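Let me begin by presenting the structure, written as structure tokens, before commenting on it.
Numbering (the numbering used here), first residue to last: 211 to 506.
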């Protein structure tokens, strides 16, 4: 791995869209020795508007121009997954560290290729899985490590949601449900956050089995995924991700069961954590964090 001489990280952001309005890019300007010095969008008017509103000195409509800007020494790729591999290749070839939005790529093969490219170029590669650093998720981890539920045995993850408005009105405009761009549907987009967090809690997966289907026919990607999995640590799990339920069936819940109790908490809709043991359940409220996802 190369050693980088500058302690100041000058970010170049490719794809200054919705994810960069409230999350990653604004935060980059709040960190010591970090700033966004350039942004890129294909639409010149939108690129200029973003730069002016966020105080970014430079804006581009061409990714190559941003990557090759000598002032940029790290690249944040915030585009849809279908472009991640090629943009990672270009940034790595320019000798610049890569921070890429999730999901990392459209499939396993593309992920492996991105890792290989960055290893050969000697630059670090990071993926934007940040939930493991938020207070509510850290609370769950600390409860497990403190033995609050005893030995973890099993976890269940459920996310059920009705159709989004844009799916009903203009599904062709939503890249998250276009397999050619996203690799799959909302399971890829949202489920990847959950799987990363489970890796944080219990380590690598050992075995995975699952089934996916398109039941509604609203868009090309799968709209339901069911899975069972085991971790090398011995914990077992099941998951249900359905994005075409009725409004009365909506649910977002993760349950972790041990031999002395259980923990229940949502992944996207709220920040509360409930610990249930043989005695009265304990609920941890006001675990403050930013609102980071909304289905509206």
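Every residue, glycine too, gets a C-beta built ideally from N, C-alpha and C. Source: prediction; values computed, not measured.
By the beta-carbon neighbour count (other beta carbons within 10 angstroms, threshold 16), residue 425 is exposed.
Assignment of residue 370 by DSSP, reduced to helix, strand and coil, places it in the strand class. The shortest CA-to-CA distance from residue 247 to any of 352, 434, 223 is the one to 223. The residue among 383, 399, 439 with its C-alpha nearest the C-alpha of residue 413 is 439. If you look at residue 350, you'll find it in the alpha helix (DSSP H) that goes 345-355. Sequence-distant partners of residue 416 (beyond 5 residues in either direction) whose C-beta falls short of 7 Å from its own C-beta, in its chain, are 440, 441, 442. Annotation: the continuous beta strand (DSSP E) that includes residue 450 extends over 446-452.
Boundaries of the beta strand (DSSP E) around residue 472: 472-475. Annotation for residue 306: no beta strand (DSSP E) segment contains it, and DSSP assigns it neither H nor E.
Counting only the Cα atoms, residue 252 lies some 37 Å from residue 436.
A contact is defined here as three or more CB-CB pairs under 8 Å, and the segment 353-360 meets this definition with respect to the segment 459-478. The residues 372, in chain order, have a CB closer than 8 Å to that of residue 456 in the same chain once the five nearest residues on each side in sequence are set aside.
Residue environment for residue 274: exposed (fewer than 16 other C-beta atoms within 10 angstroms of its C-beta).
In the structure shown, residue 421 falls within a strand segment according to DSSP collapsed to helix, strand and coil. Excluding five sequence positions before and after residue 460, the CB atoms of its chain that fall closer than 7 Å to its own CB belong to 370, 371, 372, given in chain order. If you compare the alpha carbons of 281, 314, 280 with that of residue 296, the shortest gap goes to 314. With contacts defined by Cβ atoms closer than 9 Å, residue 407 and residue 341 form a contacting pair.
Counting every other CB atom within 10 Å of its CB across the protein chains shown gives residue 312 a total of 16 or more, marking it as buried. Taking all protein chains in view, the Cβ of residue 260 is crowded by 16 or more other Cβ atoms within 10 Å, so the residue is classified as buried.
For residue 244, the uninterrupted beta strand (DSSP E) segment begins and ends at 244-250.
Judged by pairs of C-beta atoms under 8 Å, the segment 291-305 touches the segment 327-335, as three or more such pairs exist.
Residue 339 and residue 420 have their C-alpha atoms some 23 Å from each other. Rounded to the nearest whole angstrom, the CA to CA distance from residue 346 to residue 483 is 7 Å. Taking the Cα positions, residue 477 is about 7 Å away from residue 404.
Beta-bridge partners of residue 333 (DSSP): none assigned.
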